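Numbering (full-length UniProt numbering), first residue to last: 1 to 311. Using N, Cα and C, we set each Cβ at its ideal position, and we do this for glycine too. None of the values given here were measured: they were computed from a predicted structure.
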């Protein structure tokens with residue numbers, strides 16, 4: 001293209017604050033949160049790998065979810081921490097595109113994995129006698145594989161149409177990371193294609209999985225209500241409580257943000273959403289699943305006992 005329609009070699013991120021004292025406090029806060037995220041999710045993966053009693057479909061998907069959380073938070077938080085210590089917060093065009101690709105891939109994969117986990121809970125509650133037959137290793141691998149593949153393809157398309165946009169020399173992103181909506185706001189050309197792609201992406205990796213989760217839990221609730229004993233209803237609900245908590249947080253925030261009219265969206269709101277998914281959710285997920293899950297706590301106890309005995 002000619003004239004003022006040019007691409008930039010790097011972007012400047014405005015971040016959360018320009019105050020050095022606030023940035024130092026945020027560095028400590030997010031640094032501790034990042035370490036807790038790595039430790040918590042790493043522990044979940046380790047326990048599932050070491051304890052044969054956790055080699056079940058539910059924990060197979062939980063392992064994938066923990067890997068996604070580790071990778072997702074690592075795609076943006078280390079750079080964010082480094083920028084808290086820098087005067088000028090820059091990121092190259094290539095690194096920006098790479099960061100966007102991985103964030104979109106992992107975010108989309110997580111939503112799809114949560115839908116697969118909802119189906120697993122549906123079979124466990126509504127068809128328990130055929131659970132091991134229905135949720136075979138082959139089906140689990142297929143659901144996980146589809147989640148990753150759809151996440152990658154969706155991300156590749158959205159990243160390609162986003163990074164192709166010329167900005168006419170404008171390179172200041174009002175954000176903490178390279179994020180689709182922040183990049184689209186810099187564009188100096190027609191963005192109709194981008195709006196269509198963002199909407200289609202939201203439907204594929206957010207709205208459709210959310211509908212499948214809602215349908216699964218509608219059947220689950222109906223099945224639980226048919227259980228006569230209070231203890232039976234409580235046990236059935238406990239098998240879904242942790243997953244339902246994570247689903248409510250993840251889909252709730254995403255639907256509120258990406259399915260609302262673009263005219264009501266703001267840069268500050270986008271920052272909150274990215275921080276929620278990159279910092280808060282990955283840290284809370286292992287806490288929710290471990291604190292409310294007797295199997296995970298029992299596995300931790302067994303691993304620690306074996307470790308002490310070996311020493």
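Closest by C-alpha distance to residue 103, when choosing among 159, 129, 8 | Working through the chain shown from its first residue, we reach residue 103 at position 103. Selected option, being the one with the closest Cα: 159.
Residue 200, buried or exposed, once every other Cβ within 10 Å from all chains shown has been counted against 16 = Position 200 of the chain shown holds residue 200. Residue 200 should be labelled exposed.
Determine, using beta carbons only, whether residue 115 comes closer than 8 angstroms to chain D.
-> Checking the listed chains, one finds no chain D in this structure; it contains a single protein chain.
Evaluate residue 211 with the Cβ neighbour count: other Cβ atoms within 10 Å of its Cβ, from every protein chain shown; 16 or more gives buried, anything less gives exposed.
-> Position 211 of the chain shown, counting from 1, holds the residue named residue 211. It is exposed - the Cβ of residue 211 has fewer than 16 other Cβ atoms within 10 Å.
Rounded C-alpha distance that separates residue 50 from residue 251 = If you number the chain shown from 1, residue 50 lands on position 50. If you number the chain shown from 1, residue 251 lands on position 251. Rounded to the nearest angstrom, the two C-alpha atoms are 31 angstroms apart.
Assign residue 37 to one of two classes, buried (16 or more other C-beta atoms within 10 Å of its C-beta) or exposed (fewer than that).
-> If you number the chain shown from 1, residue 37 lands on position 37. By the neighbour-count rule (16 or more Cβ atoms within 10 Å), residue 37 is buried.
Whole runs of the alpha helix (DSSP H) within the segment 181-227, excluding any shorter than 4 residues | Taken in chain order, the unbroken stretches of alpha helix (DSSP H) that lie wholly in the segment 181-227 and span 4 residues or more are 192-202, 208-226.
Leaving out the 5 sequence neighbours to the left and right, which residues in its chain are closer than 7 angstroms to residue 197 when beta-carbon positions are compared?
-> Within the chain shown, the letter at position 197 stands for residue 197. Exclusion of the five residues before and after residue 197 leaves 157, 158, 161 as the residues of its chain whose Cβ lies within less than 7 angstroms of its Cβ.
Of the choices 93, 136, 21, 62, whose alpha-carbon is the least far from that of residue 111?
-> Position 111 of the chain shown, counted from the first residue, corresponds to residue 111. Per the C-alpha coordinates, the member of 93, 136, 21, 62 positioned closest to residue 111 is 62.
Could you spell out where the alpha helix (DSSP H) holding residue 92 opens and where it closes?
-> Counted from its first residue, the chain shown places residue 92 at position 92. If you look at residue 92, you'll find it isn't in any alpha helix (DSSP H); it sits in the beta strand (DSSP E) that goes 90-92.
Under 6 angstroms Cβ to Cβ from residue 33, same chain only, skipping five residues before and after it: list those, please.
-> The count along the chain shown starts at 1 and reaches residue 33 at position 33. By the criterion of a C-beta distance shorter than 6 angstroms, residue 33 is surrounded in its chain by 279, 283, once the five residues flanking it on both sides are discounted.
In angstroms with no decimal places, state the Cα-to-Cα distance between residue 143 and residue 248.
-> Mapped onto the chain shown, residue 143 falls at position 143. Mapped onto the chain shown, residue 248 falls at position 248. In this structure, the CA atom of residue 143 is about 21 angstroms from the CA atom of residue 248.
In angstroms with no decimal places, state the Cα-to-Cα distance between residue 264 and residue 186.
-> For the purposes of this step, residue 264 is taken as residue 264 along the chain shown, with counting starting at 1. For the purposes of this step, residue 186 is taken as residue 186 along the chain shown, with counting starting at 1. Here residue 264 scores only 47 on pLDDT, less than 50, and its place in the model should not be relied on; the value that follows carries that caveat. Rounded to the nearest angstrom, the gap between the Cα atoms of residue 264 and residue 186 is 17 angstroms.
What are the start and end residues of the alpha helix (DSSP H) that includes residue 27?
-> Counting from 1 along the chain shown, the entry for residue 27 is found at position 27. Looking at the DSSP string, the run of the alpha helix (DSSP H) that includes residue 27 is 20-50.
Pull up the CB-CB distance for residue 10 and residue 93, whole angstroms please, since I reckon it's below 8 angstroms.
-> Residue 10 sits at position 10 when you count from the first residue of the chain shown. Residue 93 sits at position 93 when you count from the first residue of the chain shown. Correct: roughly 6 angstroms between the Cβ atoms.
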